[in-house]
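Input: a single structure, listed below in structure tokens.
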Amino acid sequence: MLWVIRVLFIIVSIVFGTIISGTSGGIVAFFAVAVLIGVENCITQSRIDGIFDCLVGLAVGFAIAGLLIYVASRFVELKSLSSSPFSMLFAVFTLVLGYLGMITNYRRTGENESLSVGSSKQLVNSKRNYKILDTSVIIDGRISEISQAGFIDGVMLIPKFVLNELQHIADSTDSFRRDKGRRGFEIIRSMQNDPMVETEMIEEDFHDIREVDAKLVQLALKLDAKILTNDFNLNKVAELQGITVLNINQLAGSVRPNVVAGEELMVKVTREGKEHHQGVGYLDDGTMIVVKNGRQHVGEMVGIVVTQTLQTNAGRMIFARLKGDETESDESEDLRSYSSGWKRNSYGRSSY
503 MLWVIRVLFI IVSIVFGTII SGTSGGIVAF FAVAVLIGVE NCITQSRIDG IFDCLVGLAV
563 GFAIAGLLIY VASRFVELKS LSSSPFSMLF AVFTLVLGYL GMITNYRRTG ENESLSVGSS
623 KQLVNSKRNY KILDTSVIID GRISEISQAG FIDGVMLIPK FVLNELQHIA DSTDSFRRDK
683 GRRGFEIIRS MQNDPMVETE MIEEDFHDIR EVDAKLVQLA LKLDAKILTN DFNLNKVAEL
743 QGITVLNINQ LAGSVRPNVV AGEELMVKVT REGKEHHQGV GYLDDGTMIV VKNGRQHVGE
803 MVGIVVTQTL QTNAGRMIFA RLKGDETESD ESEDLRSYSS GWKRNSYGRS SY
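Under my numbering, the residue at position 13 of the sequence shown is numbered 515, and the numbers go up by one with no gaps.
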């Protein structure tokens with residue numbers, strides 16, 4: 503609509519110019535309106551420097567026109583420039599060069615800026631920094647709080663086939679699995695409602711592949727994305743194919759405070775251990791502590807002394823004795839007994 507108004511304004515100006523001063527008046531009116539539209543176009547831009555570009559171009563165009571007219575006047579002897587038939591031509595020539603200078607300089611600057619902005623946008627769009635979430639990390643739930651804290655940026659990508667697997671777990675007849683599946687949907691809803699966490703659902707599936715883990719690997723390769731998981735096997739398979747894997751359990755282990763042999767702690771013995779004399783307790787971060795002679799203190803808060811720590815890909819386990827208990831024990835026997843069959847559950851707590 504704006505261009506229609508401009509065209510009508512040009513036509514009306516030419517008509518009035520022709521009526522007042524004949525053909526020459528119409529020509530002058532046309533170029534005068536063209537310059538006016540050019541200035542108006544610059545002013546309507548949000549950039550202040552765009553107006554400056556227009557003025558610089560206009561000044562350069564007038565300067566070139568003035569120089570050419572001066573050179574021409576040296577070769578054409580004119581008694582009076584105002585009465586000369588060339589006077590109208592000189593005026594039109596000045597307006598044309600002024601307009602061309604203004605538009606050329608403005609567009610040149612605008613193209614440079616567009617090129618710069620376009621390159622930046624292309625760079626940003628080409629690196630959307632996707633993080634693909636698998637079922638284990640969704641059920642775990644810690645990804646929501648970690649993302650809210652700003653430790654993991656980028657787009658949290660949730661494939662449809664992961665949602666299908668989560669739905670299958672939520673529909674399980676086993677109450678424990680059913681609760682895990684429902685918890686996973688609550689975590690997704692929490693992340694979607696958080697303005698600080700960017701989440702996207704993706705419909706893409708690989709129907710020729712049955713295993714969800716294999717689909718995750720293929721999707722990560724296709725999108726050049728990272729995988730967020732707690733699954734040890736998926737972690738290894740993805741890394742072998744050059745995919746960056748972010749393991750929440752590994753992150754949790756990295757931020758746990760170091761515990762060394764001889765350090766004294768307070769812990770509540772929550773249950774009996776594997777051996778007849780042992781009790782088991784947990785630190786606040788979920789690290790399991792096997793307490794020698796702790797069986798008789800189940801349900802009590804006791805002082806312990808760390809004797810040994812075991813660190814594996816599944817997490818960390820601490821062996822300790824009761825404070826004041828100086829009896830000798832075969833620590834290696836306890837270590838072998840617990841390390842066989844020890845694993846970390848979906849909530850980051852050690853179990854066996």
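Every residue gets a Cβ at the ideal spot worked out from N, C-alpha and C, and that includes glycine.
### Task
Report yes if the C-beta distance between G826 and H799 is below 9 Å; otherwise report no.
Residue 826 sits at position 324 when you count from the first residue of the sequence shown. Residue 799 sits at position 297 when you count from the first residue of the sequence shown. No, these two residues do not count as a Cβ contact at 9 Å.
### Task
Quick one: grab the DSSP three-state call for G805.
Translated into the one-based positions of the sequence shown, residue 805 becomes position 303. Strand at G805.
#### Entry: Cβ pair count under 8 Å reaching 3, the segment 806 to 813 against the segment 765 to 772
In short, these stretches touch, since the Cβ pair count reaches three.
### Query
Closest to E706 by CA distance: which of R691, P697, L718, G683 is it?
Taking the sequence shown and counting its residues from 1, one reaches residue 706 at position 204. Considering only alpha carbons, the answer is L718.
#### Entry: the segment 738 to 753 / the segment 773 to 789 touching (three or more Cβ pairs under 8 Å)
Judged by pairs of C-beta atoms under 8 Å, the segment 738 to 753 does not touch the segment 773 to 789, as fewer than three such pairs exist.
#### Entry: Start and end residues, beta strand (DSSP E) containing L718
Taking the first residue of the sequence shown as position 1, residue 718 is located at position 216. Careful: L718 lies outside any beta strand (DSSP E), inside the alpha helix (DSSP H) at 714 to 725.
### Query
Just how far apart, CA to CA, sit L742 and D715?
Here residue 742 is taken as the residue at index 240 of the sequence shown, counted from 1. Here residue 715 is taken as the residue at index 213 of the sequence shown, counted from 1. Roughly 13 Å separates the two Cα atoms.
### Task
Could you tell me the distance, in whole angstroms, from the CA atom of A727 to the CA atom of R691?
Numbered from 1 along the sequence shown, position 225 holds the residue referred to as residue 727. Numbered from 1 along the sequence shown, position 189 holds the residue referred to as residue 691. In this structure, the alpha-carbon of A727 lies about 22 Å from that of R691.
### Between the CA atoms of D787 and G764 - distance to the nearest angstrom
As a working note, residue 764 is residue 262 in the sequence shown. As a working note, residue 787 is residue 285 in the sequence shown. In a straight line, the C-alpha of G764 is about 20 Å away from that of D787.
### Query
First and last residue of the beta strand (DSSP E) that includes N482?
For residue 482 there is no data in the structure shown, the boundaries of the chain being 503 and 854.
### Query
Does DSSP classify S628 as helix, strand or coil?
Here residue 628 refers to the residue found at position 126 when the sequence shown is read from its first residue. The pLDDT assigned to S628 is 44, lower than 50, so where the model puts this residue is not dependable; a value taken from the coordinates is nonetheless given after this. S628 falls in the helix class under three-state DSSP.
### Query
When DSSP labels each residue in this structure, what does E777 get in the three-state scheme?
In the sequence shown, counting from the first residue as 1, residue 777 sits at position 275. E777 falls in the coil class under three-state DSSP.
### Query
Counting along the chain, where does the beta strand (DSSP E) carrying E667 start and finish?
What you label residue 667 is simply residue 165 of the sequence shown in a count that begins at 1. Under the DSSP assignment, E667 falls outside any beta strand (DSSP E), being part of the alpha helix (DSSP H) whose first and last residues are 662 to 672.
### Task
Could you tell me how far apart the beta carbons of M693 and S649 are, in whole angstroms, since I believe they sit closer than 8 Å?
Taking the sequence shown and counting its residues from 1, the one referred to as residue 693 is at position 191. Taking the sequence shown and counting its residues from 1, the one referred to as residue 649 is at position 147. That pair is a contact at about 6 Å.
### Query
Nearest to A672 by CA position, among K662, S756, R684, is which residue?
For the purposes of this step, residue 672 is taken as residue 170 along the sequence shown, with counting starting at 1. When the alpha-carbon of A672 is set against those of K662, S756, R684, the nearest one is in R684.
### Task
Would you mind reading off the limits of the beta strand (DSSP E) that contains L742?
Counting from 1 along the sequence shown, the entry for residue 742 is found at position 240. Where L742 is concerned, there is no enclosing beta strand (DSSP E), although the alpha helix (DSSP H) it sits in stretches over 734 to 742.
### Message
Per DSSP, what are the beta-bridge partners of A822 in this structure?
### Response
The sequence position of residue 822 within the sequence shown is 320, counting from 1. According to DSSP, which records beta bridges pairwise, A822 is partnered with V793, V808.
### Task
For the segment 677 to 716, list the alpha helix (DSSP H) runs that are entirely contained and at least 4 residues long, ordered along the chain.
DSSP runs (the alpha helix (DSSP H)) wholly in the segment 677 to 716: 677 to 695.
### Query
Does the segment 731 to 739 touch the segment 652 to 671, meaning 3 or more C-beta pairs lie closer than 8 Å?
These segments do not touch.
### Task
Take G686 as the anchor and find which of H709, D636, N760 has the nearest alpha-carbon.
The residue labelled residue 686 in the question sits at position 184 within the sequence shown. Considering only alpha carbons, the answer is D636.
### Query
For I654, which of helix, strand or coil comes out of DSSP?
Translated into positions along the sequence shown, residue 654 becomes position 152. In this structure, DSSP gives I654 a state outside helix and strand, which the three-state scheme calls coil.
#### Entry: Selected residue, minimal CA-CA separation from K730, among I512, V517, Y632, A536
The residue given as residue 730 occupies position 228 in the sequence shown. It is worth fixing the name first, because residue 730 is Leu in this sequence and not Lys. Comparing Cα-Cα distances from L730 to each of I512, V517, Y632, A536, the minimum goes to Y632.
### Task
Starting from N813, follow its DSSP beta bridges and name the residues at the other end.
What you label residue 813 is simply residue 311 of the sequence shown in a count that begins at 1. First, the residue type needs correcting, since residue 813 is Gln and not Asn in the sequence shown. R818, per the DSSP bridge assignment.
### Message
Spatial neighbours of Q752 within its chain, please: C-beta separation below 7 Å, excluding the five flanking residues on both sides.
### Response
Numbered from 1 along the sequence shown, position 250 holds the residue referred to as residue 752. Once the five neighbours on either side are set aside, Q752 has no close Cβ partner at all.
### Task
Can you tell me which of S638, R758, I689, D676 puts its alpha carbon nearest to the alpha carbon of E667?
Translated into positions along the sequence shown, residue 667 becomes position 165. Minimum Cα distance to E667 is reached at S638.
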